[in-house]
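This report refers to the structure that appears directly beneath it.
Protein chains: 2
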Amino acid sequence: MTTSERGPPRRPVPPPPARRRTRRPLGDEIRDAITADFITSGAVQAGERLPTEADLCDRYGVSRVTVRAALRSLQETGLIVVRQGLGSTVLPQSETITSGLDRLCSFETFARAVGREVDSAELDIAEVDVDGEAARRLAVEPGTRALLVQRVKLYDGQPVGWIVDYVPADVLAPATIVREFSGSVLDVLLAHAELDVEYSDCDVVPVALDRRMAVRLGVRAGTAALYLDEQTCTRQGRVVNWSQAWLLPEHLRFCLRRRRQYA
Amino acid sequence: MTTSERGPPRRPVPPPPARRRTRRPLGDEIRDAITADFITSGAVQAGERLPTEADLCDRYGVSRVTVRAALRSLQETGLIVVRQGLGSTVLPQSETITSGLDRLCSFETFARAVGREVDSAELDIAEVDVDGEAARRLAVEPGTRALLVQRVKLYDGQPVGWIVDYVPADVLAPATIVREFSGSVLDVLLAHAELDVEYSDCDVVPVALDRRMAVRLGVRAGTAALYLDEQTCTRQGRVVNWSQAWLLPEHLRFCLRRRRQYA
DNA sequence: AAGTGGTCTAGACCACCTG
DNA sequence: AGGTGGTCTAGACCACTTT
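For the record, the sequence lines run as chains A and B.
If you count the first sequence from 1, position 101 lands on 101 in the numbering used here, and the numbers rise without skipping.
One rule links them: number in the numbering used here = place in the second sequence (from 1) + 1000.
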């Protein structure tokens, strides 16, 4: 017996799904297609409506559930608003990079999601023996080898933050990180599925920048900034990264969704 | 012809869904049931696994899609982690009574959880016609009636923040809010289950306090503070509250858990 | 009344993990 | 190999908004 006897034919519209990457949800591909076909193309301006869900189903040959997953994703990233009985309206885009603080996700990824780029400057990568505060925050013995990565983040050529990352050498080989680094230490860690990186605990502190940091970022001393002090952990609770970031709110927007707790 | 002829019988397992509130997703009810039946009951301890999705489908008489919606919600709030091929594991709850910015929870509730008290001072309650920025943030027509509540928050007698809340009169009668208010507008809204308050979207901005605000809080002008600008919403996305808070980090610690996104 | 999004179901097949 | 979660489909009915 062949598998083709076991049910009705699936997905009649697209060609045989042979080459589809199974690891990427179809909804994400549809989301990207809608973004390209209607939003970034300018076919639908801010304030105007996307085609109806039924139309999108026909156009892309997918089920309504899949189209709705795509639309939900677009709504979560703030590109559209969906109203019952009305349809999906494209929203005007913010000039700033919106960062969902509650998501363990690099600035690079956020920026790319909205079609912008961030760069690094004054990049300084070194291997060090951690002790004191760093050893405590990494939960390792003083003297443990670690990779230290420091840099300025640039947005449209403007300095927007200073970031310092430590990763113990026994978490991931420094050479590996350096080889795979393209702006974000977190992205390297997330890409290594075997590490099981799951969450970070992050302190959020408003600070007035001291003279040295202000010079780095090209602002006056005393400028208000957001200091994020973060321990990235595996599912088992092992610390794999201590990250400190001083960020200017000027070109960055930090937001988060606070959810009602039921437990 | 009756509607019952138009398709196969739906939901055979549960009793007639007569009294179900149609506005609450079934997935949310299943999520609450799972929480009560397995997690808060202690039937499944941290580190142990929930029943399989198929078992949960049978137990609650719902489809797998619905069970998965419930599990996704539990994962988003950090109660469980779901792994392909492994199942759903209950997570240990954070020891530190998180002043968790990611939880929709009043300062009063947080303080009570750690055995402290917060008080209000300079309380100012008024009915106003909102316009401009306030109307925009509340998503109402300019001129709409709303309740405005302003006050200083005190922690151990020390001023720690200035909070401003708007609630449109057609969300909840101003008299009702005033009657039930005991320090937190959010707590009043959460207590009204019929409002279906579910989440808030919160902007997090570091600011240097201006002279007026600094005087209110008894600090020097230019002191760094955290400005939280928040729209509290129902499950349907209706804004029920616009809240602004200027908070001193001195006596408060803001932290949050950033979670990896799998969707 | 018509059209749109909102929710839910039953079933199918795929990918991952563990024996 | 068997069981688990991951994804997707087609179809049905409900609720909201506009005509």
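The beta carbon of each residue, even a glycine, is placed where N, CA and C say it ideally should be.
Query, Result
"Count the other CB atoms, across all protein chains shown, that sit within 10 Å of the CB of residue 1070 of chain B; report buried if there are 16 or more and exposed otherwise.", "buried"
"Let me make sure I understand the geometry here. Which of B/1228, B/1234, B/1215 has the alpha-carbon closest to that of residue 1194 of chain B?", "B/1234"
"So is residue 224 of chain A in contact with chain B if we call contact Cβ pairs under 8 Å?", "yes"
"Taking a cut of 8 Å between CB atoms, which residues from the region 1191-1213 of chain B lie near chain A?", "1197, 1198, 1199, 1200, 1201, 1202, 1203, 1204, 1205, 1206, 1207, 1208"
"Indicate whether at least one CB of chain B lies closer than 8 Å to the CB of residue 119 of chain A.", "no"
"Considering residue 1151 of chain B, what are the terminal residues of the beta strand (DSSP E) in which it resides?", "1145-1155"
"How about residue 1177 of chain B: is its Cβ closer than 7 Å to a heavy atom in the ligand FAD?", "Of ligands this structure carries none, so the ligand FAD is not represented either."
"Would you verify that the beta carbon of residue 57 of chain A is, or is not, closer than 8 Å to some beta carbon of chain B?", "no"
"So with Cβ pairs under 8 Å, would you call residue 1238 of chain B a contact of chain A?", "no"
"Within the continuous alpha helix (DSSP H) that includes residue 1194 of chain B, where are the two ends?", "Where residue 1194 of chain B is concerned, there is no enclosing alpha helix (DSSP H), given that its DSSP letter is neither H nor E."
"Could you confirm whether any beta carbon from chain A is found closer than 8 Å to the beta carbon of residue 1112 of chain B?", "no"
"Would you mind working out which of B/1177, B/1076, B/1183, B/1142 sits nearest residue 1162 of chain B, comparing C-alpha positions?", "B/1183"
"Which residues of the region 1021-1055 of chain B have a Cβ closer than 8 Å to any Cβ of chain A? Give them in chain order.", "1031, 1032, 1035, 1039, 1040"
"Who does residue 215 of chain A pair with in a DSSP beta bridge?", "Its beta-bridge partners do not exist; DSSP assigns none."
"Under 8 Å between C-beta atoms, does residue 107 of chain A make it to chain B?", "no"
"Would you kindly work out how many angstroms separate the C-alpha atoms of residue 88 of chain A and residue 189 of chain A, rounded to a whole number?", "36 Å"
"Per DSSP, residue 1206 of chain B forms a beta bridge with which residues?", "B/1226"
"Quick check: the region 1125-1139 of chain B against the region 1204-1219 of chain B, are at least 3 beta-carbon pairs closer than 8 Å?", "no"
"In angstroms with no decimal places, state the Cα-to-Cα distance between residue 1096 of chain B and residue 1156 of chain B.", "Any reading at residue 1096 of chain B needs caution, since the residue's pLDDT is 44, under 50, leaving its predicted position unreliable; the model's value is listed next. The straight-line gap from Cα to Cα measures roughly 20 Å."
"State buried or exposed for residue 1174 of chain B, treating a residue as buried only when at least 16 other CB atoms are found within 10 Å of its CB.", "buried"
"Shortest alpha-carbon distance to residue 259 of chain A belongs to which of B/1255, B/1200, B/1230, B/1211?", "B/1200"
"Is any beta-carbon of chain B found at less than 8 Å from that of residue 104 of chain A?", "yes"
"Against chain A, which members of the region 1066-1080 of chain B pass a CB distance test of less than 9 Å?", "1073, 1074, 1076, 1077, 1078, 1079"
"Does any C-beta atom of chain B lie closer than 8 Å to the C-beta of residue 123 of chain A?", "no"
"Pick out the complete alpha helix (DSSP H) segments inside the region 1055-1121 of chain B, 4 residues or longer, and give them in chain order.", "1064-1076, 1107-1113"
"Alpha carbons only, please: which of B/1118, B/1129, B/1149, B/1150 is nearest the one belonging to residue 1141 of chain B?", "B/1129"
"Contact criterion: CB-CB distance below 8 Å. Does residue 254 of chain A meet it with respect to chain B?", "yes"
"Which word fits residue 1165 of chain B, buried or exposed, when buried means at least 16 other C-beta atoms lie within 10 angstroms of its C-beta?", "buried"
"Would you say residue 1249 of chain B reaches chain A, if we count a Cβ-Cβ gap shorter than 8 Å as a contact?", "yes"
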